[in-house]
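Report on the following structure.
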Amino acid sequence: MHIVDGALAVPVLAAGAALTVAGVAIGLKKMDYDHLPQVGVLSAAFFIASYIHLPIGFSSVHLILNGLIGLALGWAAFPALLVALFLQAVFFGFGGFLVLGVNAVNIALPAVLIYYLCRPGIQASSPKLAAFWGAVGGAGSIVLTTIMVAFSLMLSGEAFLLAAKATFVAHIPVMVVEGFVTAAAVLLIRKVKPAFLGLDEEKVYG
Amino acid sequence: MVKSLQALLLAIFTLLSLGAAAHNVVGGVYAIGSTIEGEVGFSNGDMAAEGTQIIVSDSRGNELGRVLTDADGLFSFEASQRIEHHFYADLSSGHVLQVNLPADELPDSLPGGPVSSGPVAQSEVAAFNGDQAALQAMIEKAVAKQVKPLRKELAAYKEKASLQDMIGGIGYIFGLCGIGIWWRQRQQSKAER
Numbered sequence: 001m002h003i004v005d006g007a008l009a010v011p012v013l014a015a016g017a018a019l020t021v022a023g024v025a026i027g028l029k030k031m032d033y034d035h036l037p038q039v040g041v042l043s044a045a046f047f048i049a050s051y052i053h054l055p056i057g058f059s060s061v062h063l064i065l066n067g068l069i070g071l072a073l074g075w076a077a078f079p080a081l082l083v084a085l086f087l088q089a090v091f092f093g094f095g096g097f098l099v100l101g102v103n104a105v106n107i108a109l110p111a112v113l114i115y116y117l118c119r120p121g122i123q124a125s126s127p128k129l130a131a132f133w134g135a136v137g138g139a140g141s142i143v144l145t146t147i148m149v150a151f152s153l154m155l156s157g158e159a160f161l162l163a164a165k166a167t168f169v170a171h172i173p174v175m176v177v178e179g180f181v182t183a184a185a186v187l188l189i190r191k192v193k194p195a196f197l198g199l200d201e202e203k204v205y206g
Numbered sequence: 207m208v209k210s211l212q213a214l215l216l217a218i219f220t221l222l223s224l225g226a227a228a229h230n231v232v233g234g235v236y237a238i239g240s241t242i243e244g245e246v247g248f249s250n251g252d253m254a255a256e257g258t259q260i261i262v263s264d265s266r267g268n269e270l271g272r273v274l275t276d277a278d279g280l281f282s283f284e285a286s287q288r289i290e291h292h293f294y295a296d297l298s299s300g301h302v303l304q305v306n307l308p309a310d311e312l313p314d315s316l317p318g319g320p321v322s323s324g325p326v327a328q329s330e331v332a333a334f335n336g337d338q339a340a341l342q343a344m345i346e347k348a349v350a351k352q353v354k355p356l357r358k359e360l361a362a363y364k365e366k367a368s369l370q371d372m373i374g375g376i377g378y379i380f381g382l383c384g385i386g387i388w389w390r391q392r393q394q395s396k397a398e399r
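Structure representation (structure tokens):
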């Protein structure tokens, strides 16, 4: 899901950087600083998740986890993901420094959208319904990210449909896995530590 | 508690050792005589699709030619000048590869570019009576064949991030959080005063 240096046009890079700066500013402003350790843990989880490849049949996928991060952090996903993406570029050579802004927007903006879209769902009193919305969030964030990746490629000259199809098809397994993982995570966190998702305990158990 | 932690750590390390590879574009070019051979693929082991177009250009961006990859993601380009060669491949979905082959890896027999290997090599070769150019080409081919697997291994090694990198990255993230918490604490204690 990382776009590498050299694939995008300069205006796209600049727009991505500007959007990221704005997103991070909002994120830092909205962040509840009592939850700073949580932001760090999720940032670290994202940092590692892209490196661990899970073999599935003929291919292998890695988790992206931006749905779960969005559900838990909301706007604070921006600073969390930016830091993780930066370190991935430094340590693993994923993406690059010039495209850091575009990559951050492509991954963090879907996370924020999922927060607004699925957040009420995972607070539902029925665990089944909550798991469903968790799955929607997990898979939906990947769908949104593939669309945004295709869009940034299109703005740089690649045919949108072609790019979108290629990235979308390549990420169908990721969507499935991510949906399951996020649903399971939501269920587990609801039971074990609702505060981690900022859930109201009374609502969950009520 | 300790047991569950052990189990968790074990699970993590097992996962890490399972061919942990990044999905990056990797590739390299090597000169064998005047032929430039190269390969392009992804760091998870997949090679580029057959027929991927490689654009070859000089250092000023003038196009020198285009070649296509074969089924194994390999391609070859016949250099006609002793200049720096740039190779560019677009594997779609934001995966691009850019590699350079410096001029001094190409043989001196090609036009363009001064002889940089110095007079020592010249005099050594001069002592041999025979077809110098053919001999030189043979040596270069033989050495290239020997060095090729080493180059591949080295490229793979460079791509592979170690456990230290991961732990280092996590450490940076936690360190940043620590700074944030410390800064927050300072603000609060200032406000209380």
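Here the protein sequences line up with chains A and P, keeping their order. Going by the working numbering, 144 is the number at position 144 of the first sequence; the sequence numbering is gapless. Count along the second sequence from 1, add 206, and you get the number used in the working numbering. For each residue, glycine too, the CB sits at the ideal point set by N, CA and C. In this text the structure is predicted, and so the values were computed from the model without any measurement.
In the displayed model, P:Asp296 falls within a strand according to three-state DSSP. Pairing A:Lys30 with A:Gly74 gives a Cβ-Cβ distance under 8 Å.
Fewer than three pairs of CB atoms, one per stretch, sit closer than 8 Å, so the region 124-132 of chain A makes no contact with the region 156-172 of chain A.
In this structure P:Glu256 is exposed. Its beta-carbon is surrounded by fewer than 16 other beta-carbon atoms within 10 angstroms. Nothing from the region 272-293 of chain P brings a Cβ to less than 8 Å from some Cβ of chain A.
Taking the beta carbon of A:Val143 as reference, no residue of chain P falls within 7 Å; the closest one sits roughly 15 Å away. Residue state for A:Ile52 is assigned as coil, using DSSP reduced to three classes.
P:Met253 carries a strand assignment under DSSP once its states are collapsed to helix, strand and coil. Contact between the region 339-358 of chain P and the region 372-385 of chain P is absent, with fewer than three C-beta pairs closer than 8 Å. The alpha-carbon separation between A:Leu153 and A:Ala22 amounts to approximately 21 Å. For A:Phe91, the enclosing alpha helix (DSSP H) stretches over residues 77-91. In the structure shown, A:Ala22 adopts helical secondary structure according to DSSP, grouped into three states.
Listed along the chain, the chain A residues whose CB falls inside 8 Å of the CB of P:Asp371 are Phe91, Phe92. Assignment of A:His35 by DSSP, reduced to helix, strand and coil, places it in the helix class. Listed as beta-bridge partners of P:Ala237 by DSSP are P:Ile242. A Cβ-Cβ contact shorter than 8 Å links A:Leu87 with A:Phe47.
P:Gly271: not part of any alpha helix (DSSP H); member of the beta strand (DSSP E) spanning 269-274, first to last residue. Under DSSP, P:Glu284 shares a beta bridge with P:Thr241.
The Cβ atoms of P:Gln304 and A:Gly16 do not sit closer than 8 Å to each other. Secondary structure note for P:Ser263: its beta strand (DSSP E) is the uninterrupted segment 259-263.
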